[in-house]
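Taken in sequence, the protein lines are chains U, Y, Z and X.
First residue of the first sequence: 0, per numbering that gives the first Met the number 0; consecutive thereafter.
First residue of the second sequence: 0, per numbering that gives the first Met the number 0; consecutive thereafter.
First residue of the third sequence: 0, per numbering that gives the first Met the number 0; consecutive thereafter.
First residue of the fourth sequence: 0, per numbering that gives the first Met the number 0; consecutive thereafter.
Every residue gets a Cβ at the ideal spot worked out from N, C-alpha and C, and that includes glycine.
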Amino acid sequence: MKTVAAFEIKFRQYLDPQGKLTQKPLPRFAQDPGELVKMYRMMSLVRVFDTKAIALQRTGQLGTYASSLGHEATHVGIGAAMKPEDAFFPMYREYGAQFWRGVQPHEVLLFWGGDERGNVFSGPKHDFSWCVPIATQYHHAAGAALAFKLRREKRAAVAVIGDGGTSQGDFYESLNAAGAYQLPAVFVVTNNKWAISVPLAAQTACETLAQKAVAGGFEGVQVDGNDIIAVRDTMEYALDKARSGKGPTLIEALTYRISDHTTADDATRYRGKDEVEDAKRKEPLIRIRKYLMDIDAWDQKKEEQLVAECAAQIDAEVKLYKDTGKPPVTSMFDHMFANLPESLVEQRAAAIAEEEQHG
Amino acid sequence: MKTVAAFEIKFRQYLDPQGKLTQKPLPRFAQDPGELVKMYRMMSLVRVFDTKAIALQRTGQLGTYASSLGHEATHVGIGAAMKPEDAFFPMYREYGAQFWRGVQPHEVLLFWGGDERGNVFSGPKHDFSWCVPIATQYHHAAGAALAFKLRREKRAAVAVIGDGGTSQGDFYESLNAAGAYQLPAVFVVTNNKWAISVPLAAQTACETLAQKAVAGGFEGVQVDGNDIIAVRDTMEYALDKARSGKGPTLIEALTYRISDHTTADDATRYRGKDEVEDAKRKEPLIRIRKYLMDIDAWDQKKEEQLVAECAAQIDAEVKLYKDTGKPPVTSMFDHMFANLPESLVEQRAAAIAEEEQHG
Amino acid sequence: MAKLAMVEAITQAMAYELEHDPAVVVLGEDVGINGGVFRATNGLQQRFGKERVMDTPLAEALIAGMSIGMAAMGMKPVAEIQFSGFIYPTVDQMINHAGRLRTRTRGRLHVPMVLRAPSGGGIHAPEHHSESNEALFAHMPGIRVVMPSSPTRAYGLLLAAIRDPDPVVFLEPTRLYRINKQEVEDNGQALPLDTCFVLREGGDVTLVSWGAMIHETLQAAAKLADEGVGCEVIDLATVSPIDFETILESVEKTGRLVIVHEAPRNCGVGAEVAATVAEKAIYSLQAPVERVTGYDVPMPLFKLEHDYMPSVERVVKGIRRVLEN
Amino acid sequence: MAKLAMVEAITQAMAYELEHDPAVVVLGEDVGINGGVFRATNGLQQRFGKERVMDTPLAEALIAGMSIGMAAMGMKPVAEIQFSGFIYPTVDQMINHAGRLRTRTRGRLHVPMVLRAPSGGGIHAPEHHSESNEALFAHMPGIRVVMPSSPTRAYGLLLAAIRDPDPVVFLEPTRLYRINKQEVEDNGQALPLDTCFVLREGGDVTLVSWGAMIHETLQAAAKLADEGVGCEVIDLATVSPIDFETILESVEKTGRLVIVHEAPRNCGVGAEVAATVAEKAIYSLQAPVERVTGYDVPMPLFKLEHDYMPSVERVVKGIRRVLEN
Ligand SMILES: Cc1ncc(C[n+]2csc(CCOP(=O)(O)OP(=O)(O)O)c2C)c(N)n1
Ligand SMILES: Cc1ncc(C[n+]2csc(CCOP(=O)(O)OP(=O)(O)O)c2C)c(N)n1
Ligand SMILES: [Mg+2]
Ligand SMILES: [Mg+2]
């Protein structure tokens, strides 16, 4: 039998869990310790934010919250590789990427605190906000990428999905379309091994999720998602490729969801402690910090200072969040359409009357 | 960079367009000339049926009809490999497979003639009938296969889709699920190069459609869909595998839609004559007939007799079709639910009154 | 007898059918070891095994479509959609296949499946977790839509839905999952489908509601009872097809009708109730039919959720309006 | 001035906008060289090129979702769904994203897209090609649903839909595609959305319809005119949100209302029209509101299609019924 097509999936890594380099030379950005420190600082900020958000939820000051604990390298790596004019289509926990792009922590809190004004965030005005219906945002990214291509703009669309999300038809449809149109898109799969209680092996028979790109007819790459150097490097590679008209890439970032799925979840119901402990040893902050210390770009004093700075910054953001009052009842109606139809004008008036009477 | 996964797609063929063997030994069924003749006869019957159906449509005696011209080897190969207890989930033009399974030509005509009674066909009672919403039947096949697996029945579900259909999310979702559950399912893609006016290259960037199986984590095979020996052999391989608990297979059958998409289509709007002429030279009946003649299992006299037989049989079927009266208006209501709710009882009565008054 | 919350009564109904009918299987995202995100399938996989209670890949169209395939082959799948806003990928399979397989094959194949999904708001859930979408399914020929409003009705109606040989979309008001426990006898007794339940009798005004809003409606009725107003409260229960006999009988008695639902007003199920009553009982009506409903906006994030949902006060006001006429 | 069939008027509207607004793109299955299976995009790719008029892979969720992404980035996609029964995979994107992106981002992003699709039966098409599903979209907050019923209205309303900064589902009755040609001036003049059109004035009864059924409704009105009955015929045109002002004004004058639609009756848009009129104009009504509609069954294969669809006779009978009261 003749072989008519053949494919390989490669794995990319620079930093192992111990912070040792597994490959040289380093990509250009990683040769600048200042840049690495900048990324490390953002990873630390996200982690402080995360702890704080969970505390707020536990004390009834925030709604259900989706933690990003353990995903910091993947998220910050994505954010750091993108340009402001690129467009970002996140799922619901990519705060690291969003902070890098200008979204403020209190805006994230507003969203999970039940206030749409979190979506009017300080990031690029064209970025989409959090997408809860899994995989649907992949289509939006494909559409944005198509717009960029048609307008001959050197911009790329970046979408993120989880391992569970790769079971959705929308995921494949947009990959296939991106291949067919050769779109300037970068599709990231954050493989954190779990989709709530469903482990990867129950989700798919695939050995890698990067191989799903084969069905789209383009390149899929697997990267150590806890290695921020590898993530950013792979993202830059894919973004360059996209912006220069060479088509889409699927990047599978291997990481682990150390936290519960959300604050509404209890992961002890369905997974053992051992794998979580193991994941904690491989988590992304340890290794970059070790590496930075090894190259004398970081030390204990700087670390202490950073911790204090992050705490202060997040406290200020929490205050901003808490000081934001309830949105006006009219805001439910005012943005439904550019031109409000009569029926909504009536309902808006009724809702105002209702609020005045009963609060 | 480490390679973490690798895949190959193989191509299977026994008979080339000239009817010469490209591989030996032949699969067991193909060593019996009687069996090959039986398949050839069915292919011929389908072709006569097809010509007749188009003629009926052109003369206003049938609704829109989807021709199977050029697909006979793929369809009959599928039918011949299946067992009655397997379940079939066709799209809309697999008459060859269905005839083999007992569906009568006049039942096909009833369906395209606007009469649901065509769906109450003489094939296996568990077979699904034609599925017009593209790709949705793949889920039904996955569900049936899951039922067989759970009940420990040695049965397989076979679903067919077109090249265009592989762009639908449903297609991938069911592949992925079939891989995850290791379902006894065989998924066939009839790659006839066109989805109405959209050529394969505009549909996907993939070199092969068999490689879409990589996204499901199981084997994909490409077969010469105009070579009935290769189709049946590959189907038997995949069906054995399915029934013995070794999971699903995706089979891409390479063929060509020689006809218009349906009788409502005019293919000259979007494709050149040359490729159609080329396809006609490679079509499936020629080569098996040549081969049968080469091994002295067929001759001109038998051919003439067969043509006459097919014509007579199809004429009788057309008569059955034409003699079937309009379905009763009540049949619109009677099968809506096992227990008809009051509102439908009322509407049913109104429809009867309406018909009595105005016809 | 155990006092059960509605979500427990739902679990109990599935357990009963899993126990008594080998054709029944439960499937959905996280329904296995996790027992469902709302715990509706709590303990079922542990008790009945992984082949009766199955986690699925994360794909709702697949869940619906695979259920159709299983059902047509003689099984009785009870599928769960995890949250109300994620049911839309099932629409294609439900309208194009589940609702028509029996009629298009003139009875040769049929689809005894249940599609369970949470419904409605009021629990401060994240975006897309609080939608009311019964009207979408109610408009689909061949599909039954059922919404329970108490533990006993949840138990009896879910049993009926699983046993029914045709597809049922079973929408469970999450707001009622854990309040108002009731004694629920685990006797396998189903309640009838296609039938309203009169929850309170009264001669002055008919209140029709379903799902979680039954709660506010009953409270409003109790409030008005103090003022001597007799409200008849009818729970649709089967939202499609609607048992109009019971409703019309009540309206003929009371002459007044208020419909309460949480879904957006425009083309909601309330419109069908109002329209049919206005057609068949217009001469009994002593006042315009009143609808107290959600607004024609998506369910807002939870800081405004309370403002979106029809409150007891809004229901009372609606009743007063029809009484004034 | 050229006499155009409705489908040609639709092509002309798209051509006008492609010509005058560089942000407009047309996309869908077979809309390119083939000009669409109904020829609604005939010649557009040849004229405007492959980057303005694009074939898509065969995936409706993709078509809707990609349009949302393009629209949010400032383009104005006009997407075609090939046949009425294949629009359901777009439901998720339309309700969860298209209809809510503006409000959930409080105006930061918005979705100026049009989703065009054929609608309705009567042309002896194959299964799933003849559905009427406007009610599904009408129930979605944030989505406009428009259905033209003549070449001029198709031209003017499609221009308005494309120019509107919010999502519009534009459902084109295939039965009207090629009948009743009209002179259509290619002047780029849009017609207003959210507005009914009074097609015929009359004092005895108000007939409300939309899409292809306008045809039967007008015929019924003409028939009754011979008997001296004055029918006022109102074309909803924008099926959601409905212009009730025009309808209520008419009903206040005539005191009688018949609603005609092809979609199944249960929870159809007719229910909303009847319900709102029964709420706001009950004291004007001199007879029950009558709905003449399709039955609550899927559109049957074409041998029974004629029996499914409301005929002129059924409309006349419905009118007579309200006149008798
Ligand atoms: C369409 C849809 N179905 C179901 C859900 C409920 N849900 C939220 S997160 C989740 C699991 C997602 O897992 P994965 O894609 O791996 O992402 P992760 O949360 O692990 O980052 C599910 C089922 C949803 N949000 N959207
Ligand atoms: C969901 C859906 N979308 C669109 C259509 C309209 N349609 C019918 S056949 C067809 C092309 C199918 O092409 P392919 O899958 O290659 O199958 P083929 O007809 O070539 O065998 C299209 C777009 C449909 N039937 N279903
Ligand atoms: Mg995950
Ligand atoms: Mg094809």
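Annotation for residue 117 (chain Z): no alpha helix (DSSP H) segment contains it, though the beta strand (DSSP E) segment containing it runs 113-118. When the Cα atoms are used, residue 65 (chain Z) and residue 318 (chain Z) turn out to be separated by approximately 45 Å. Flagged as an interface residue toward chain Z: residue 132 (chain Y), by a C-beta distance shorter than 8 Å. Residue-level contact by beta carbon fails for residue 323 (chain X) and chain Z, as no gap is shorter than 8 Å. Contact between residue 276 (chain Z) and residue 250 (chain Z) holds: their C-beta atoms lie close to 6 Å from each other, under 8 Å. Rounded to the nearest angstrom, the Cβ distance from residue 18 (chain U) to residue 293 (chain U) is 6 Å, consistent with a contact under 8 Å. With respect to the C-alpha of residue 228 (chain Z), the residue from Z:123, Z:247, Z:253, Z:238 having the closest C-alpha is Z:253. When C-beta atoms of the stretch 154-163 of chain Y are compared with those of the stretch 229-248 of chain Y, three or more pairs fall below 8 Å, so the two segments count as touching. With fewer than 16 neighbouring CB atoms inside 10 Å of its own CB, residue 73 (chain X) falls in the exposed class. When DSSP states are grouped into helix, strand and coil, residue 317 (chain Y) belongs to the helix group.
Less than 8 Å divides the Cβ of residue 202 (chain U) from the Cβ of residue 57 (chain Z). Here residue 212 (chain Z) has 259, 260, 261, 309 as same chain residues with Cβ atoms under 7 Å from its own Cβ, once five neighbours each way along the sequence are excluded. In the DSSP assignment, residue 275 (chain Y) falls outside any beta strand (DSSP E) and within the unbroken alpha helix (DSSP H) covering 272-280. Taking the CA atoms as reference points, residue 298 (chain U) sits about 12 Å from residue 287 (chain U). Of the candidates U:263, U:300, U:261, U:184, U:184 places its Cα closest to the Cα of residue 250 (chain U). Here residue 320 (chain U) is buried: its Cβ has 16 or more other Cβ atoms, across all protein chains shown, within 10 Å. Remark: fewer than three beta-carbon pairs, one from each stretch, lie closer than 8 Å, so the stretch 139-151 of chain U and the stretch 3-13 of chain X are not flagged as touching. Among the CB atoms of chain Y, none fall inside 8 Å of the CB of residue 214 (chain X). Taking the CA atoms as reference points, residue 63 (chain X) sits about 20 Å from residue 237 (chain X). Between residue 211 (chain Y) and residue 174 (chain Y), the C-beta spacing is below 8 Å.
It is roughly 8 Å from the alpha-carbon of residue 204 (chain U) to the alpha-carbon of residue 181 (chain Y). In this model, residue 264 (chain Y) and residue 134 (chain X) are separated by some 30 Å (Cα to Cα). By the rule that beta-carbons nearer than 8 Å mark a contact, residue 328 (chain U) touches chain Z.
Against chain U, a Cβ distance below 9 Å from residue 178 (chain Y) picks out 203, 204, 205. Annotation: the continuous alpha helix (DSSP H) that includes residue 106 (chain Y) extends over 104-111.
Think of a sphere of 7 Å around the beta carbon of residue 166 (chain X): no beta carbon from chain Y falls inside it, the nearest being about 21 Å out.
Residues of the stretch 98-114 of chain Z with a C-beta atom less than 8 Å from some C-beta of chain X are 98, 99, 102, 103, listed in chain order. Against chain Z, the beta carbon of residue 49 (chain U) has no neighbour under 9 Å; the closest one sits roughly 17 Å away.
Three or more Cβ pairs closer than 8 Å define a contact, and the stretch 225-232 of chain U meets that threshold against the stretch 71-80 of chain U. Z:270 is the residue among Z:270, Z:293, Z:4 whose C-alpha sits nearest the C-alpha of residue 138 (chain Z).
Any Cβ of chain Y closer than 8 Å to the Cβ of residue 33 (chain X) would place that residue at the interface, and such an atom is present. As the crow flies, the alpha-carbon of residue 221 (chain U) is around 23 Å from that of residue 41 (chain U).
Using a Cβ-Cβ distance cut-off of 8 Å, the stretch 75-92 of chain U and the stretch 130-140 of chain U are in contact, since at least three pairs of beta carbons, one from each stretch, lie closer than that value.
In summary, the residues of the stretch 292-322 of chain X whose CB is separated from some CB of chain Y by less than 8 Å are 294, 295, 296, 299, 300, 301, 302, 303, 304, 306, 307, 310, 312, 313, in the order they occur in the chain. The closest CA to that of residue 339 (chain U), considering only X:141, X:279, X:68, X:85, is found on X:141.
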